[in-house]
Amino acid sequence: MPSKDPGAATSVLRAPTGPTVPLSKLAPEAALRRLELTIVRRLEGFLHGDHLGLLPGPGSDTNDARIYQPGQDDVRKMDWAVTARTTVPHVRDTMADRELEVWALLDVTPSMNWGTEGITKRDLGIAAIATIGFLSQKMGDRFGGMLMKPDEMKRLQARSGRTALYGLLRKMLTEPIVPDNGPGNFELADGIEQLSRSYRRRGMRVVVSDFLTAGDRELDPDVPPPWERALRRLSVRNQVLCIEVVDRHELEFPDVGEMLIRDPETSFMRYINTSDTAARHRMDAASKAQRERIKTSLRRAGAGHIQLRTDRDWVADIARFVLNYRRVAGMLHQPPQGVSK
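The opening position of the sequence shown corresponds to residue 1 in the working numbering, with each subsequent residue numbered one higher.
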């Protein structure tokens with residue numbers, strides 16, 4: 001009788017060699033059709049109503065005035081004030097409506113190649129991108145991706161349509177696994193900075209990571225992580241959603257006796273006796289403080305925050321976030337008194 005495939009659990013002993021979940025199971029689209037991410041900030045291109053068209057439309061915001069061309073221009077767009085001042089007929093154009101542009105940054109550094117509940121954190125991050133992609137897709141919307149490796153950033157072209165989204169997800173799934181202690185010192189702060197600099201047009205930005213920095217042992221929530229400043233800058237011009245992916249046994253250490261704790265991105269390793277209740281409680285408390293610091297930093301940076309776990313239904317967690325976010329987003333993003341959007 002063939003043995004059961006251990007799946008992602010083997011990532012505890014060694015880096016996985018491929019995806020732990022098929023593309024067809026990343027995000028059941030039928031369960032997401034009734035949900036949508038409402039983009040509440042006024043994006044570049046100016047939203048026309050609640051729908052963004054495939055092609056630039058006439059828009060509703062006025063642009064510069066120009067001389068009227070008989071037979072080509074609509075007389076209903078005549079700018080009578082300019083016409084009166086210049087004695088020459090002028091019309092005023094409207095600014096074109098354009099599609100929403102969404103970019104997702106996926107952290108694929110070695111710390112993401114781990115999972116004990118049937119899926120690795122890396123694949124859970126791809127599942128999250130799939131879910132957000134389906135939720136934010138509208139006709140003409142463009143969805144692009146960036147893969148953050150220890151030594152480089154890999155860009156996946158932004159394209160519109162569900163076929164293009166599936167192609168992007170397939171490329172993410174088939175991207176070679178980064179080995180432990182691979183060369184390079186590219187960190188999350190560098191990836192966010194590059195995402196901010198590369199795409200100046202405002203839109204939605206999704207950052208998917210475990211938000212762990214190699215060698216960072218700080219637990220004080222008042223001390224910002226290295227990536228917080230970059231994320232704050234990204235949030236100034238964009239609506240930012242941060243998806244934190246964690247494994248259950250990163251938060252709750254199991255009682256399995258003496259165990260080797262090893263950091264896949266540094267040379268740190270240490271044997272821990274997990275049967276020692278006091279030691280296990282100290283590790284759990286440190287993990288909780290670490291995650292609380294991440295949560296506080298994301299809130300300070302002005303980004304939306306979802307925590308997904310490998311032992312829970314990510315579709316339900318994201319759906320719950322979207323429903324709650326829709327209730328409070330309008331209030332959260334209201335401009336200050338006296339300032340118009």
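The beta-carbon is built from N, C-alpha and C at its ideal position, and this holds for glycine as well.
Here the structure is a predicted model, which is why all the values come from computation and not from measurement.
For M112 and K149, the rounded distance between their alpha carbons: 11 Å
Nearest-angstrom Cα separation, counted from R202 out to T120: 32 Å
Which of helix, strand or coil DSSP assigns to W227: coil
For P110, three-class secondary structure by DSSP: helix
With 16 other Cβ atoms within 10 Å as the buried cut-off, status of N238: buried
DSSP bridge partner residues for K171 (one or two, in chain order): BP columns for K171 are empty, so no partner.
Cβ pair count under 8 Å reaching 3, the region 240 to 257 against the region 208 to 220: yes
L347 to D255 span [Cα, whole Å]: Since the first residue shown for the chain is 1 and the last is 341, residue 347 is missing from the structure and cannot be characterised.
Distance between E218 and Q157 (C-alpha atoms, nearest Å): 36 Å
9 Å Cβ cutoff met for A289 and P224: no
Closest by C-alpha distance to E258, when choosing among H249, I272 and F268: I272
Stretch pair the region 72 to 92 + the region 151 to 171: three plus CB contacts closer than 8 Å: no
As assigned by DSSP and simplified to three states, the class of Q137: coil
Inter-stretch contact (C-beta, 8 Å, three-pair minimum) for the region 181 to 200 and the region 161 to 171: no
Start-to-end residues for the alpha helix (DSSP H) that takes in L308: Premise fails: L308 lies in the beta strand (DSSP E), G304 to R309, not in any alpha helix (DSSP H).
Identified DSSP bridge partners for S196: According to DSSP, S196 bridges with nothing at all.
Member of V322, S136 and L106 whose CA lies at the smallest distance from the CA of K171: L106
Identified DSSP bridge partners for A104: G145 and V206
Endpoints, beta strand (DSSP E) assigned at E244: Q239 to V246
Beta bridge counterpart(s) of N347 as assigned by DSSP: One cannot answer for residue 347 here, as it falls past the ends of the chain, which runs 1 to 341.
With 16 other Cβ atoms within 10 Å as the buried cut-off, status of P179: exposed
Proximity to M269 [Cα-Cα], best of A316, G215 and E292: G215
Three-state class that DSSP yields for V91 in the structure shown: strand
Same chain only: Cβ atoms within 8 Å of E175, ignoring 5 sequence neighbours per side: V108, L147 and K154
9 Å Cβ cutoff met for L308 and I318: yes
Q72 burial status per 10 Å Cβ neighbour count (16 or more: buried): exposed
N- and C-terminal bounds of the beta strand (DSSP E) containing M269: M269 to N273
Euclidean distance between Cα positions of D123 and V315: 14 Å
Residue environment, W80, which counts as buried when at least 16 other CB atoms sit within 10 Å: exposed
Three-state secondary structure (DSSP) of T258: The question names Thr, but residue 258 is Glu in the sequence shown. Reduced to three states, the DSSP call for E258 is strand.
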